[in-house]
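J.: The UniProt record's numbering numbers the first residue of the sequence shown as 1 and each following residue consecutively. Quick reminder that beta carbons are idealized off the backbone N, C-alpha and C, glycines included.
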Amino acid sequence: MYPESEKIFRLFMASRHFMFFKADSQSDSFFSDAYQCIKCILITAMKPIISVISILLSLGAAQAATIFSTTNINAASGAGNNYFGFATQLVSPVMSTTMGGEEATLPETVYLNSLSLDMRSGSGTGTTFKVAVYTFTADGTVGDLVGLSSNANAWADGATLTFNFNDVELTSSATYQYLFVSENTSWEDLNLTAGTENMAAYRNHAVSASLSMSNNTVNLPSGTGTYKNNTLNSWEGRYLPAVNFSTSNEVVPEPATATLGLLGLGALLFRRRR
């Protein structure tokens, strides 16, 4: 058996009228051979291109997740110093969700892409911190660690700080704690064992920030509020920070990851066969 490229070459050369066409009884054979040759060449050349197009389409579909924006509906007063985090549900009555600017309802399961916090106007500058996400179990402790922001931000006067997350699955009707930890904190630093060890690990890395707070006009659900200390048993009344959550109905791949994956697959497809 000949390699595919050699078979194409032999078929091509077998058309002895290729350079000098002469109408005779062998014309039909010539056209048939030439057609088959060109067909093989085109199909062989197009296979990698079709494969790359398919990959591009699949990546586009993977990134076509529905993005939701959930925001505290109450206006922030600007007041608020030294808070260690907060706890809330995404479907809390004080939260409003939109999709593409239109009112929307969150699905039961969502993926946290980012959260943005407004710093208090007049707060000056302060600590650089990350946001750790825990399930809420009770006052005075942390639940299971489910997420840690991939970036840290330093609080600045009146700034909006955005913290990014990867593959953090949330139940929209559940309550989670969003706690501030020092900028060098790693997942391994916090994710020890359930209960007192996790709480001790959190307190070793806990920091506070100066937040722009909203005085919510409706009663907050049980377990919801803003923490005034790192023992997580003192709340700031009916207040929550000015916060915006960006979530989606499926995991949104990081642009860099998707691009590198495409380049790698493209290189593999175009690699010369041995």
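Out of S182, G223, D167 and P241, state which residue places its alpha-carbon closest to the alpha-carbon of N233.
T.: The residue with the shortest Cα to Cα distance from N233 is G223.
J.: Which first and last residues belong to the beta strand (DSSP E) in which D167 is found?
T.: Counting along the chain, the beta strand (DSSP E) containing D167 begins and ends at T160 to T171.
J.: Closer than 8 Å is the cut-off here; do at least three beta carbon pairs connect the stretch 198-206 with the stretch 127-144?
T.: Segments in contact, yes.
J.: Tell me the residue span of the beta strand (DSSP E) that contains L240.
T.: That run of the beta strand (DSSP E) goes Y239 to P241.
J.: Our contact map puts T70 next to M95 with C-beta atoms below 8 Å; I'd like the distance itself, whole angstroms only.
T.: The pair is a contact, with the Cβ atoms about 5 Å apart (cut-off 8 Å).
J.: Count the other CB atoms, across all protein chains shown, that sit within 10 Å of the CB of P93; report buried if there are 16 or more and exposed otherwise.
T.: Looking at its Cβ environment, which holds fewer than 16 other Cβ atoms inside 10 Å, P93 is exposed.
J.: To the nearest angstrom, report how far apart A206 and D189 are at their CA atoms.
T.: Roughly 12 Å between the two C-alpha positions.
J.: So what does G85 bridge to, in DSSP terms?
T.: In DSSP, G85 forms a bridge with L179 and Y227.
J.: Helix, strand or coil for I53? Go by DSSP, reduced to three states.
T.: With a pLDDT of only 49 at I53, under 50, the local geometry of the prediction cannot be trusted, and the value read off the model is given with reservation. The answer is helix: DSSP assigns I53 an H, G or I state.
J.: How far does the beta strand (DSSP E) with D118 in it extend, from its first residue to its last?
T.: That run of the beta strand (DSSP E) goes T109 to D118.
J.: Quick check on N233: does DSSP put it in helix, strand or coil?
T.: Three-state DSSP puts N233 in coil, outside helix and strand.
J.: Output the distance between the C-alpha atoms of Y239 and N72, rounded to the nearest integer angstrom.
T.: Straight-line Cα distance between these residues: approximately 10 Å.
J.: Looking only at its chain, what residues have a beta carbon closer than 7 Å to the beta carbon of S114, apart from the 5 residues adjacent to it on each side?
T.: So the qualifying residues of the chain are T162, F163, N164, F165 and S246.
J.: Using DSSP bridges, identify the partner residues of F136.
T.: Note: F136 sits in no beta bridge, so no partner.
J.: For A87 and S212, what's the separation of their Cα atoms in angstroms?
T.: Each residue's Cα considered, the two are about 15 Å apart.
J.: What's the C-alpha gap between V243 and T226?
T.: Each residue's Cα considered, the two are about 12 Å apart.
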